[in-house]
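Following: one structure in structure tokens, then a few remarks.
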Amino acid sequence: MMILNPERVDLNGKPLRGVVAAMIDYQAGRLVEEWGDEGPWAAFVDVPEIKQRVTLVQRLQQTDLDLPRLGDGVEVRMVVAAGASDRGRVGVVIQGVLIEVRHAFSRDGAERRIVIVPVLQTAVGDGVTFGEADGSTVGIDL
């Protein structure tokens, strides 16, 4: 899933400016494949464990030294809208652990990529929660 130009992003309660994309990626953590005698195609496939990564892409306009350390717990809260109106606003909450920070510089400017492994907060779903984009659900004052 790719979220382009989120309206607002907070990292541990502080605004994270310049976020141009948030990517939520899934990969098999453990893959079970079995073949039968009927031919070359898999007869059974299961994914009992899933790896999930959230990457925030940030365009930097100035020096920014205020980031958590690798291994720290983080909470990301985003407000996403399909257009300029309030209609269709969605709140996204991610609680996880910071595992990677990368920087790049090109003609287009400076870019930072922040990678988080979401941590499951309940026994159902995954580490990314979607809800209404009002302050009560997402916790961001709009």
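Count along the sequence shown starting at 1, add 225, and that's the number in this note's numbering. Just so you know, even glycine gets a beta-carbon here, dropped at the ideal spot from N, CA and C. A quick note: this is a predicted structure, and the numbers were derived from the prediction, not measured.
In its own chain, which residues sit with a C-beta less than 7 Å from the C-beta of Q286, not counting the 5 before and 5 after it?
G243
Tell me where the beta strand (DSSP E) around R284 begins and ends.
267–285
Are I368 and Q283 touching if we call contact CB-CB under 8 Å?
Not covered by the structure: residue 368. The range shown for the chain is 226 to 367.
Range covered by the beta strand (DSSP E) that runs through M227:
227–229
Would you check if the distance between the CB atom of I275 and the CB atom of A247 is smaller than 8 Å?
no
Out of E232, M226, G334, which has the shortest C-alpha to C-alpha gap to A306?
E232
Confirm, please, whether the CB-CB distance from P293 to E323 is below 8 Å.
Note that residue 323 is Leu in the sequence shown here, rather than Glu. In contact: L323 and P293 (Cβ atoms closer than 8 Å).
Simplified DSSP state of E300, which is helix, strand or coil:
strand
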